[in-house]
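Heads up, the sequence shown is in the UniProt record's numbering, so the first residue is 1 and it goes up one at a time. Presented below is the structure to which this report refers.
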Amino acid sequence: MVTNRQFVLARRPEGKPTDDDFELVEADVPDPGPRAVLVRTRYLSVDPYMRGRMRAGESYADPWAVGDVLQGAVVGEVVESNHPDFAAGDTVTGNLQWADYAVADGDDLVGVDTGDVSDSAALGVLGMPGRTAYFGVTDVLDPDPGDTVVVSAAAGAVGSVVGQLAKLNGCRVVGIAGSDGKVAHLEDDLGFDAGINYADADVADALAEAVPDGVDGYFDNVGGPITDAVFDHLNVRASVAVCGQIALYNDEGVPTGPRKLHTLVEKRASVEGFLVGDYAPRFAEATERLVGWVQSGDVAFRETVVDGLENAPDAFVGLFEGENVGKQVVRVEAESDA
Ligand SMILES: NC(=O)c1ccc[n+]([C@@H]2O[C@H](COP(=O)([O-])OP(=O)(O)OC[C@H]3O[C@@H](n4cnc5c(N)ncnc54)[C@H](OP(=O)(O)O)[C@@H]3O)[C@@H](O)[C@H]2O)c1
1 MVTNRQFVLA RRPEGKPTDD DFELVEADVP DPGPRAVLVR TRYLSVDPYM
51 RGRMRAGESY ADPWAVGDVL QGAVVGEVVE SNHPDFAAGD TVTGNLQWAD
101 YAVADGDDLV GVDTGDVSDS AALGVLGMPG RTAYFGVTDV LDPDPGDTVV
151 VSAAAGAVGS VVGQLAKLNG CRVVGIAGSD GKVAHLEDDL GFDAGINYAD
201 ADVADALAEA VPDGVDGYFD NVGGPITDAV FDHLNVRASV AVCGQIALYN
251 DEGVPTGPRK LHTLVEKRAS VEGFLVGDYA PRFAEATERL VGWVQSGDVA
301 FRETVVDGLE NAPDAFVGLF EGENVGKQVV RVEAESDA
């Protein structure tokens, strides 16, 4: 008898999510209908944007209702297929569920071929986070060689790729991250020119030293006080790409803080938010470039792997505590074959 475990949203989190906000329930293994595919989850992605789906208000993805099965990007194995493009044993990726097994329309799945690297890379450097870094750097920030680029959450899934792509563009790159170990990783493994541990340093002082010529491009993953500090160093005509504001995702009220918009006037700087989903028609281009860079060794990447579907909530909450280096994934093992 095969058991299918699924995580549902037990209640809406207040502040940082806790275990009580999630419930692991048992359900039948679903039957795939016409053109649908039954997938056994091998890797599940937990991502910061999911926090927005847990609240009732609007975010850029639809809110989950209490009791809904949580969804996320998955790499899995096809168990049964009613779709002409897929057969049992194929490895696929798509937006599925926090579950051992899930059914998806075959039209919404993509085959996974990550070459020499783990299939889980399809959730990170070769997946949505890698594409976010690619479009954020090439299209939004668009730095010139010689520019100084700063990236926050620099050791994470998106930030680690952003810094390396800016280096490939000939920029001077400074990363901000939350531990000495992460800063060492940026400088020693990823080729960043400098790193700042915001947990252990006054970011304003550290930036004064790290960016003596100011900041031409800022890739903002976090918002809050780190972004306030970077704004004080923007150069004339600087660009800010707003990718995420993770420092604010668990706030219940409207964030307040130093108002820095006057900087944009003085510096004639521009700030642009973006969503990777808007670049869907160009995903193939991004994947092709990223595969090339990973194969050539120009882009290195790390993953933090948590074992067991039952630990997915901890892996998710860990994103807000800086537990991950590189992409956070959950390795899921079904109890037996369907
Ligand atoms: N616009 C888009 O289309 C798009 C797509 C993907 C992701 N995003 C956004 O990009 C950002 C990074 O996402 P990711 O998937 O790559 O996650 P990630 O960077 O792999 O993980 C999140 C990291 O954020 C840092 N962090 C957490 N709380 C923080 C705080 N209060 N202040 C400063 N840093 C904090 C932690 O690292 P430290 O140890 O350094 O604190 C943590 O490891 C998120 O804001 C996400 O929402 C946007």
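The beta-carbon is built from N, C-alpha and C at its ideal position, and this holds for glycine as well.
Check                                                                                                                                                                               : Outcome
Buried or exposed: where does K16 fall if 16 or more other Cβ atoms within 10 Å of its Cβ makes it buried?                                                                          : exposed
Could you tell me whether any non-hydrogen atom of ligand 3 is closer than 7 Å to the CB of F219?                                                                                   : As for ligand 3, it is missing from this structure, which binds only ligand 1.
Decide if residue 339 is buried, meaning its Cβ has at least 16 other Cβ atoms within 10 Å, or exposed.                                                                             : This structure gives no information on residue 339, because the portion of the chain shown stretches from 1 to 338.
Could you check the C-alpha separation between V66 and V183 for me, to the nearest Å?                                                                                               : 39 Å
Indicate the three-state DSSP secondary structure (helix, strand or coil) for R55 in the structure shown.                                                                           : coil
Rounded to a whole number of angstroms, what is the C-alpha to C-alpha distance between A206 and V306?                                                                              : 33 Å
Which word fits L275, buried or exposed, when buried means at least 16 other C-beta atoms lie within 10 angstroms of its C-beta?                                                    : exposed
By Cβ distance, which residues of its chain are closer than 8 Å to I196, with the 5 residues on each side in sequence left out?                                                     : V174, G175, I176, A177, V183, V203, A206, L207, A210
Cα separation between R331 and H262?                                                                                                                                                : 46 Å
Would you mind sorting A73 into buried or exposed? The rule is 16 or more other CB atoms within 10 Å of its CB.                                                                     : buried
Just to confirm my understanding: we take S270, look at its own chain, exclude 5 residues before and 5 after, and list those with CB closer than 6 Å. What are they?                : S239
Just reading off the beta strand (DSSP E) that Q295 is part of, what are its end residues?                                                                                          : Segment 283 to 296 is the alpha helix (DSSP H) holding Q295; no beta strand (DSSP E) there.
State yes or no: is the C-beta of G178 nearer than 7 Å to some heavy atom of ligand 1?                                                                                              : yes
In whole angstroms, what separates the C-alpha of N82 from that of C171?                                                                                                            : 49 Å
Quick check on this structure: which residue in A166, P255, L190 has the alpha carbon closest to the alpha carbon of G297?                                                          : L190
If contact is defined by three or more beta carbon pairs under 8 Å, each pair taking one atom from either stretch, is the segment 239 to 250 in contact with the segment 90 to 103? : no
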